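Written out as structure tokens, the structure is:
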């Protein structure tokens, strides 16, 4: 059986400014060969610190940016091997929801036009009547009244805007929604509503979610499986509950220990040497996490651990916990 | 050091003056930390702005905000200017709007040192470098501009600026919301160290109950401009008495997974706050007395006023008296809630 989404060996580099006019532009490698699978109707969470490559991964999966190597296959078809028309057709199956419910909706367009945008762009032959019907159905599905179609974004709260963004993502009846921090900007109670809606929609529409967030509790609510990303590599992958309850990679353990919890005293910071993911230099060889790792052995500084073949749980660590 | 006494604020809106904060009282000693939690619109940020004297034009205040014995509400702007940024540091939620996009981050951290402390350039720059190192930005070139940093790095610059002059009080509005969990832990540790070393007092505004629990000795839960529950953080979270506190807790995603429970309805606009307890329309425990009178903060446990035992409290509080100002000596850590039908202690 082919998976809905299969990401294999994904490498993404960005060119940095040249140091002097005739030098070759240095490159920053953000993703170092990422492998991921999302089954039909499944849900995969991507967690990691800022700078881990989460959002770069989202853009590559959405085929917004071409990776330097690797493939992103939707139901077995490599998105980057498709011709423009085929890619447009494939985009109906894979839709985004972004973090900022203010920046992601055009303030001058009516909600009806915003939600219909993917239809206009990807299914241009759809008639006006059908388009309006589908917009109304999606607004209903996300808990908004059909009258919302005639209003404008400024008339809605943050939570309602995120519902509108979800309705827009759903309108082409995609198989996969790539959501990058979709509830991070929302107030707790509104966040709870939107999370509930996302779970309901998954069941109702047979959706799969690729759910990117730095909030581990939110990922636990939404996803069945989770991949932990560190400096552009998946370091641990497995069922969300099992990974969070008994992490095997020291980085996953550090992330989980850093979450402040009600009824617990503060532990001292996990990154003992004080460097966050963005600031610490990446070693040229060995495990990227070794400089921050409390358990690093000599082998960790010379030999890069690999994730290994697909399995229920896997960890890229020489000395898993 | 900071004593807020019966602080009320009203703003001019369409249709007249609208109260946005009502009767907020608390005290904060050196080295102490208080967490302020609640949804948007609960009055958390308004409380911070009132303390800083940064309320929008036309705001009317009553009560007192005593900082080191001076009433900041009555203080003139030059006096406030000497206090803000120097003795009281502020961290706001939006690092992109708090920073000047045209100034390098080094210059922005140096500015308060030169302005308030009148340090020389070299001394100010050395101190700025130490501050940036303290917030984990040692490897960042101070000549960079805000747009060249990530959101988390920008937020840490804002924190470095707020701490630059060695303030006695730090008012931090969602200081770690934009940060990764590991960076958040580091910033919270830093604030804890400063409290222990320099007696920094912290007013921490957040929606994250976990952050409050891990950082603040005391917590105040606000709803619709009023404090509805307050007390020692451990005591409050061990026996959440106000239904709103419980609802907030249930709405937060838990590490155990499971679907978080949204609070039905919405925070009422300041113009349309219901009479009586403002939470009553959303409250599963609301009874008739709740919509009639505003409950005042009362010490817990409420003896003989359990569920179904009526509204002795409601009758006695028919005209809501302002809650007594907190005396610094007594009752600082006592657990209080403004509810006629609080949850009994487990």
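Residue numbers (the working numbering), protein chains in the order written: chain L, 104 to 424; chain X, -8 to 337. Where a beta carbon is used, it is the ideal one built from N, C-alpha and C, also for glycine. Every value quoted in this text rests on a predicted model; they were computed, and no experiment measured them.
Do residue 291 of chain L and residue 243 of chain X have their C-beta atoms within less than 9 Å of each other?
For the 9 Å CB-CB criterion, residue 291 of chain L and residue 243 of chain X form a contact.
Under three-state DSSP, which class holds residue 253 of chain L?
It is helical.
Verify whether the separation of the beta carbon atoms of residue 217 of chain L and residue 165 of chain L is less than 9 Å.
No. Outside cutoff.
Tell me which residues of the stretch 184 to 206 of chain X have at least one Cβ-Cβ distance to chain L shorter than 9 Å, keeping chain order.
Flagged, chain order: 198, 199, 200, 201, 202, 203, 204, 205, 206.
Can you tell me where the alpha helix (DSSP H) with residue 243 of chain L in it begins and where it stops?
Residue 243 of chain L -> alpha helix (DSSP H) spans 231 to 244.
Looking at the structure shown, is residue 139 of chain X part of a helix, part of a strand, or coil, going by DSSP?
Note: residue 139 of chain X maps to helix in three-state DSSP.
Using a Cβ-Cβ cutoff of less than 8 Å, which residues in the same chain neighbour residue 341 of chain X once the five nearest sequence positions on both sides are dropped?
The question about residue 341 of chain X has no answer here: the residues shown for chain X are numbered -8 through 337.
Neighbour-count burial assignment, residue 92 of chain X, 16 or more Cβ in a 10 Å radius:
Only exposed fits residue 92 of chain X, as fewer than 16 other CB atoms lie within 10 angstroms of its CB.
Ignore the nearest five residues each way along the sequence and tell me which others in residue 301 of chain X's own chain have a CB closer than 6 Å to its CB.
Residue confidence for residue 301 of chain X is low, a pLDDT of 25 falling below 50, so the modelled location carries little weight and cannot support an answer.
Residues of the stretch 283 to 308 of chain L with Cβ closer than 7 Å to any Cβ of chain X, in chain order:
Result list: 290, 291, 292, 295, 296, 298, 299, 302.
Any chance you could list the beta strand (DSSP E) runs of at least 3 consecutive residues sitting entirely within the stretch 174 to 224 of chain L, in chain order?
Listed in chain order, the complete beta strand (DSSP E) runs (minimum 3 residues) inside the stretch 174 to 224 of chain L are 197 to 200.
Anything in chain L within Cβ reach of residue 132 of chain X, meaning under 7 Å, just list it in chain order.
Going along chain L, no residue has its Cβ under 7 Å from residue 132 of chain X, so there is no contact; the nearest lies around 12 Å.
Interface residues of chain L around residue 175 of chain X at Cβ under 8 Å?
Correct list: 361, 363.
Pull up the DSSP beta-bridge partners for residue 117 of chain L, would you.
In the DSSP output, where bridge partners are listed per residue, residue 117 of chain L has L/131.
Which first and last residues belong to the beta strand (DSSP E) in which residue 3 of chain X is found?
In the DSSP assignment, residue 3 of chain X falls within the beta strand (DSSP E) that extends over -7 to 4.
From the beta carbon of residue 317 of chain L, is the nearest beta carbon of chain X less than 9 Å away?
With a threshold of 9 Å between beta carbons, residue 317 of chain L makes contact with chain X.
Environment of residue 224 of chain X [buried if 16+ CB atoms lie within 10 Å]
That one is buried.
Pick out whichever of L/337, L/170, L/342, L/293 has its Cα sitting closest to the Cα of residue 257 of chain X.
If we check each option's Cα against that of residue 257 of chain X, L/293 comes out closest.
Put residue 292 of chain L into one of helix, strand or coil per three-state DSSP.
Looking at residue 292 of chain L - three-state DSSP - the assignment turns out to be helix.
Considering only DSSP beta bridges, list what residue 252 of chain X is partnered with.
According to DSSP, which records beta bridges pairwise, residue 252 of chain X is partnered with nothing at all.
Selected residue, minimal CA-CA separation from residue 34 of chain X, among X/259, X/217, X/334:
Cα-wise, what sits closest to residue 34 of chain X is X/217.
Alpha carbon of residue 215 of chain L to alpha carbon of residue 244 of chain L, nearest angstrom:
Each residue's CA atom was taken as its position, placing residue 215 of chain L and residue 244 of chain L some 14 Å apart.
Looking at the unbroken alpha helix (DSSP H) that takes in residue 211 of chain X, where does it start and where does it end?
For residue 211 of chain X, no alpha helix (DSSP H) run applies; the uninterrupted beta strand (DSSP E) run containing it begins and ends at 209 to 214, by DSSP.
Residues that residue 209 of chain X contacts on chain L, provided the C-beta gap is smaller than 9 Å:
Close partners of residue 209 of chain X in chain L (Cβ separation under 9 Å) are lacking, with about 14 Å as the shortest Cβ gap.
Grouping DSSP H, G and I as helix and E and B as strand, with all else coil, what is residue 316 of chain L?
In the displayed model, residue 316 of chain L falls within coil according to three-state DSSP, outside both helix and strand.
Taking Cβ positions, are residue 360 of chain L and residue 424 of chain L nearer each other than 9 Å?
For residue 360 of chain L and residue 424 of chain L, no; Cβs fall outside 9 Å.
Segment contact flag, the stretch 198 to 206 of chain L with the stretch 275 to 286 of chain L, C-beta cutoff 8 Å, min 3 pairs:
The count of Cβ pairs closer than 8 Å, one atom from the stretch 198 to 206 of chain L and one from the stretch 275 to 286 of chain L, reaches three, so the stretches are in contact.
Straight-line Cα distance separating residue 272 of chain X from residue 299 of chain L:
When rounded, the distance between both Cα atoms is 22 Å.
For chain L, check one thing: does any of its Cβ atoms lie closer than 9 Å to the Cβ of residue 310 of chain X?
With a pLDDT of only 39 at residue 310 of chain X, under the threshold of 50, the placement of this residue in the model should not be trusted, and no figure is reported.
Taking 6 Å as the limit between beta carbons, can you name the residues of its chain near residue 418 of chain L, skipping five residues before and five after?
Excluding residues within five positions, the ones whose Cβ falls inside 6 Å are 339, 351, 352.
Minimum C-alpha distance to residue 135 of chain X - residue among X/94, X/155, X/39
With distances taken between CA atoms, residue 135 of chain X lies nearest to X/94 out of X/94, X/155, X/39.
Three-way DSSP call (helix, strand, coil) for residue 354 of chain L in this model
If DSSP states are grouped into helix, strand and coil, residue 354 of chain L belongs with the helices.
Using a Cβ-Cβ cut-off of less than 8 Å, give me the residues of the stretch 125 to 138 of chain L that come near chain X, in sequence order.
If the cut-off is 8 Å between Cβ atoms, the stretch 125 to 138 of chain L has nothing near chain X.
Do you know how far the Cα of residue 264 of chain L is from the Cα of residue 133 of chain L?
Computed Cα separation, rounded: 31 Å.
Tell me the DSSP secondary structure of residue 132 of chain X in three-state form.
In this structure, residue 132 of chain X counts as coil in the three-state DSSP scheme.
Option nearest residue 137 of chain X by Cα separation, candidates X/275, X/86, X/194:
That would be X/86, whose Cα lies nearest to the Cα of residue 137 of chain X.
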